[in-house]
Amino acid sequence: MNRCGKTRRGYAYAACDKATPGLALRDPARSMAEWEHSYVQLLEVTKRALGLRFAQLPHRTFALGVSNGGYVARILAERHADEIDGAVDWEGVHWDSEGEHLLKTLPEWVAGFAAYARAQGAERSRLRERLVELGLPPGAERHWAIYHQMYWLVTLWLYGRNLDPDWPTFALPWSNDWLQDPADLASYPADERASCVASRIRPIANTGRIGAPLITVAGNWDCLLPFAHHQAAYTAKVAAAGCAHLHRLYEIDRGNHVDGLLRLDRGDEQPVLPYFEAAFTRLERWVERGEEPPPSGLYRAVDVLAGGAELYADTNLEA
Numbered sequence: 035m036n037r038c039g040k041t042r043r044g045y046a047y048a049a050c051d052k053a054t055p056g057l058a059l060r061d062p063a064r065s066m067a068e069w070e071h072s073y074v075q076l077l078e079v080t081k082r083a084l085g086l087r088f089a090q091l092p093h094r095t096f097a098l099g100v101s102n103g104g105y106v107a108r109i110l111a112e113r114h115a116d117e118i119d120g121a122v123d124w125e126g127v128h129w130d131s132e133g134e135h136l137l138k139t140l141p142e143w144v145a146g147f148a149a150y151a152r153a154q155g156a157e158r159s160r161l162r163e164r165l166v167e168l169g170l171p172p173g174a175e176r177h178w179a180i181y182h183q184m185y186w187l188v189t190l191w192l193y194g195r196n197l198d199p200d201w202p203t204f205a206l207p208w209s210n211d212w213l214q215d216p217a218d219l220a221s222y223p224a225d226e227r228a229s230c231v232a233s234r235i236r237p238i239a240n241t242g243r244i245g246a247p248l249i250t251v252a253g254n255w256d257c258l259l260p261f262a263h264h265q266a267a268y269t270a271k272v273a274a275a276g277c278a279h280l281h282r283l284y285e286i287d288r289g290n291h292v293d294g295l296l297r298l299d300r301g302d303e304q305p306v307l308p309y310f311e312a313a314f315t316r317l318e319r320w321v322e323r324g325e326e327p328p329p330s331g332l333y334r335a336v337d338v339l340a341g342g343a344e345l346y347a348d349t350n351l352e353a
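Our numbering applies: residue 35 is where the sequence shown begins, and numbers increase by one.
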């Protein structure tokens, strides 16, 4: 989903997903700071290419992103508002040197889940409550094992290589052995390494000082980026910067980080993609017509957010 192009009505847009920026994290010699500059250059190249192809520059430019890409969309709205007309971030990663960032939360989840998975009865219930206290959403427990195997371990290693490459385990190549015994990764001493990590986060940290309209969409059952730590915390930062009038936060009830998991076990969850599309429609109306989008808040039905617009995304995952 890393693409730029010409949308309906002649917009240029940059859509960036979680995977493409993440590829650079495997190389400790590279930096997350590259993402900002790479996407600014991508926007510039795309505008020139569209100008050559259609003999006119696009009259609107939007940035859309999911996860790591949501972080990029926020950074563009904060630092390059003159390059875009608005942005939508879907469950963007929030980086704050003093906040509950991923190098703080992931080691505790990895260690806590390993104990939880082995436990029985009352001890298992106690460990579940502890994981909930650490930020994992209650109600989405059936996904915790998948997140542990597919996201928490590799995400901890990837971000660790970039933000704390001097810690010995992060300097090692990825090992599938960690999937069976995550003790080495789970032993990361986040408190001890806090000042070192903070110094590397500060240059890439979100400020909340947005200069272009920004809509955030995220599920409150996100098992990778807890809503409170990433979405609510970022929204508070935007408000503290005096920019709340340019921001909306749509909390999607029972939405998790990965819509694809719902194909395996839908339960009573709902996909977030339709809300993401509805948010983009609302952003277009905001920028094009001056039509204020709905207020921030909890949304349980996409029709409310879509406001009558026909969406391409479908809440029926079997379609």
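C-beta: ideal position from N, C-alpha, C; glycine also.
First and last residue of the uninterrupted beta strand (DSSP E) at residue i
i           : result
residue 94  : 94 to 100
residue 333 : 331 to 333
Proximity of residue i and residue j at Cβ, strictly below 8 Å
i           : j           : result
residue 211 : residue 204 : no
residue 126 : residue 105 : yes
residue 133 : residue 263 : yes
residue 216 : residue 148 : yes
residue 59  : residue 187 : no
residue 342 : residue 289 : no
residue 181 : residue 165 : no
residue 201 : residue 227 : yes
residue 168 : residue 139 : yes
residue 115 : residue 245 : yes
residue 128 : residue 268 : yes
residue 240 : residue 108 : yes
residue 144 : residue 190 : yes
residue 213 : residue 183 : yes
residue 257 : residue 135 : no
residue 299 : residue 334 : no
residue 305 : residue 171 : no
residue 77  : residue 84  : no
residue 273 : residue 307 : no
Segment limits, alpha helix (DSSP H) that includes residue i
i           : result
residue 194 : 187 to 197
residue 307 : 307 to 323
residue 337 : 336 to 340
residue 30  : This structure gives no information on residue 30, because the portion of the chain shown stretches from 35 to 353.
residue 150 : 136 to 152
residue 275 : Counting along the chain, residue 275 falls outside any alpha helix (DSSP H), and DSSP gives it neither H nor E.
Per DSSP, the bridge partner or partners of residue i
i         : result
residue 3 : Residue 3 is absent from the structure shown; the chain starts at 35 and stops at 353.
Closer than 8 Å to chain B by CB, residue i
i           : result
residue 335 : Judged by its chain identifiers, the structure shown contains no chain B, having just a single protein chain.
As an exercise, report each continuous alpha helix (DSSP H) stretch of at least 4 residues that is fully enclosed by the segment 74 to 133, in chain order.
102 to 113
Does the segment 235 to 254 come close enough to the segment 276 to 285 that 3 or more CB-CB pairs lie under 8 Å?
yes
Which runs of the alpha helix (DSSP H) at least 4 residues long sit entirely within the segment 162 to 242? Give them in chain order.
Entirely contained in the segment 162 to 242, the alpha helix (DSSP H) runs reaching 4 residues are, in chain order, 175 to 181, 187 to 197, 202 to 205, 211 to 214, 217 to 220, 228 to 235.
State whether the segment 220 to 234 contacts the segment 286 to 301, with contact taken as three or more CB pairs (one from each stretch) at a distance under 8 Å.
No, the segment 220 to 234 does not touch the segment 286 to 301.
Counting Cβ pairs, one atom from each stretch, are 3 or more of them under 8 Å apart for the segment 311 to 321 and the segment 331 to 340?
yes
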